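**Q** For reference, the structure I am asking about is given below.
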Amino acid sequence: MKSKQKIVKTPLGEVVVTVNEKMVSHQNDPAIQRKVAEAAQFLKKYPVPSTVEEGLD
Amino acid sequence: MTQPIYPVDISVDNLSFEFDSIGPAGIFRKIVVYSPIPGASGVYNVGFGDLNDEGFIDDTVVTNNGDRNTVLATVISTVFIFLDTFPDRRVYFKGSTAIRTQLYQRIIRANQATIGGSFVILGLIEEHWGPFQNGVEYDAFLIQKT
């Protein structure tokens, strides 16, 4: 296993995760920007509960 | 129940994940991006799609690579990795189509027992957020650490 690799346990199973310093940030990708704008509009219409407890009521 | 999950690369800021879908149609690079949602403090959107030849994300493409469940399970796994890294944040997600939303829901439902120990999942139905329940078709999801 490479030094930047680790195995992460998740509820769905174990995942081999590798930190990749060369990965490009896609935050400004048009598709991502569009989805974030859609999410903002959606959550403006249907605001998420402010706390876990509120959401479980 | 353990799902097959692809190995993932993660960016140094822990906001982006990449993995390869491998199947009969070829190898396709998949991108998962977590982005803060303006106006919703601490809530992050999950963006997901294929990396196209121009280096942009295509979130509408259907690759038919015979590994749909593995791809979706890998995407959901990144939610848990993200929330383990940032336990004070919450993740909002909604499939790009109604069918994808239903598929996400199916995977959550199949693994609800193990997910419920560490995470709280809320679903949106009829304009209200409430605890995730089996047999209910939700429009969107919100996941956070317990």
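Just so you know, the sequences run in chain order A and B.
In terms of my numbering, the first sequence opens at residue 4 and continues consecutively.
In terms of my numbering, the second sequence opens at residue 4 and continues consecutively.
We treat Cβ as the ideally placed atom computed from N, Cα and C, and that holds for glycine.
Being a predicted model, the structure only gives us computed values, none of them experimental.
In angstroms, rounded to a whole number, what distance separates the CA positions of G29(B) and N68(B)?
**A** Taking the second sequence and counting its residues from 1, the one referred to as residue 29(B) is at position 26. Taking the second sequence and counting its residues from 1, the one referred to as residue 68(B) is at position 65. Roughly 7 Å between the two C-alpha positions.
**Q** Output yes if chain C places a C-beta closer than 9 Å to the C-beta of R93(B); else output no.
**A** Note that chain C does not occur in the displayed structure, where the protein chains are A and B.
**Q** If you follow the beta strand (DSSP E) that S25(B) is in, where does it begin and where does it stop?
**A** Locating residue 25(B) in the second sequence gives position 22, where the first residue counts as 1. Note that residue 25(B) is Ile in the sequence shown, not Ser. Run containing I25(B): 19-26, per the beta strand (DSSP E) assignment.
**Q** How far does the beta strand (DSSP E) with Q136(B) in it reach, from first residue to last?
**A** The count along the second sequence starts at 1 and reaches residue 136(B) at position 133. Q136(B) -> no beta strand (DSSP E), and no H or E assigned at all.
**Q** Spatial neighbours of Q147(B) within its chain, please: CB distance less than 6 Å, with the 5 preceding and 5 following residues excluded, ordered by chain position.
**A** The sequence position of residue 147(B) within the second sequence is 144, counting from 1. Hits under 6 Å: R93, V123.
**Q** Taking 9 Å as the threshold (C-beta atoms), are L15(A) and Q6(B) in contact?
**A** Mapped onto the second sequence, residue 6(B) falls at position 3. Mapped onto the first sequence, residue 15(A) falls at position 12. Contact flag set, yes.
**Q** How would you list, in chain order, the residues of chain A whose beta-carbon sits under 7 Å from the beta-carbon of E130(B)?
**A** The residue given as residue 130(B) occupies position 127 in the second sequence. Neighbours of E130(B) on chain A, chain order: Y49.
**Q** On the three-state DSSP scale, how would you describe K97(B)?
**A** Numbered from 1 along the second sequence, position 94 holds the residue referred to as residue 97(B). Coil.
**Q** If you draw a straight line from the alpha carbon of Y95(B) to that of F89(B), how long is it in whole angstroms?
**A** On the second sequence, position 92 is the one that residue 95(B) refers to. On the second sequence, position 86 is the one that residue 89(B) refers to. One C-alpha to the other measures close to 14 Å.
**Q** Look at I110(B) and I79(B) and say whether their C-beta atoms are less than 9 Å apart.
**A** Counted from its first residue, the second sequence places residue 110(B) at position 107. Counted from its first residue, the second sequence places residue 79(B) at position 76. For I110(B) and I79(B), yes; Cβs fall inside 9 Å.
**Q** Here's the rule: buried if 16 or more other CB atoms are within 10 angstroms of the residue's CB, otherwise exposed. What is I102(B)?
**A** The count along the second sequence starts at 1 and reaches residue 102(B) at position 99. So I102(B) ends up on the exposed side.
**Q** Hey, how far is the Cα of V36(B) from the Cα of G50(B)?
**A** In the second sequence, counting from the first residue as 1, residue 36(B) sits at position 33. In the second sequence, counting from the first residue as 1, residue 50(B) sits at position 47. One C-alpha to the other measures close to 5 Å.
**Q** Please confirm whether I40(B) has its beta-carbon closer than 9 Å to some beta-carbon of chain A.
**A** In the second sequence, the residue the question calls residue 40(B) occupies position 37. So, interface residue.
**Q** Which of the three DSSP states is assigned to A143(B) in this structure?
**A** What you label residue 143(B) is simply residue 140 of the second sequence in a count that begins at 1. Three-state DSSP puts A143(B) in a strand.
**Q** Taking the alpha-carbon of N72(B) as reference, which of Q108(B), I40(B), N17(B) has the nearest alpha-carbon?
**A** Reading the second sequence from its first residue, position 69 is the one you call residue 72(B). Per the Cα distances, Q108(B).
**Q** Which one or two residues does DSSP pair with G42(B) in a beta bridge?
**A** As a working note, residue 42(B) is residue 39 in the second sequence. Answer is none; G42(B) lacks a bridge partner.
**Q** In the DSSP output, what is I124(B) paired with across the bridge?
**A** Numbered from 1 along the second sequence, position 121 holds the residue referred to as residue 124(B). I146(B).
**Q** Would you kindly work out how many angstroms separate the C-alpha atoms of N17(B) and T21(A), rounded to a whole number?
**A** Along the second sequence, read from residue 1 onward, the residue named residue 17(B) stands at position 14. Along the first sequence, read from residue 1 onward, the residue named residue 21(A) stands at position 18. In a straight line, the C-alpha of N17(B) is about 11 Å away from that of T21(A).
**Q** If contacts are defined as beta-carbon pairs under 8 Å, then P41(B) and Y47(B) qualify, I think. What distance do you get, rounded to the angstrom?
**A** Start at 1 with the first residue of the second sequence, and residue 41(B) comes out as number 38. Start at 1 with the first residue of the second sequence, and residue 47(B) comes out as number 44. 11 Å between Cβ atoms; not a contact.
**Q** Need the endpoints of the beta strand (DSSP E) that E17(A) sits in, please.
**A** Counting from 1 along the first sequence, the entry for residue 17(A) is found at position 14. From DSSP, the beta strand (DSSP E) with E17(A) extends over 16-22.
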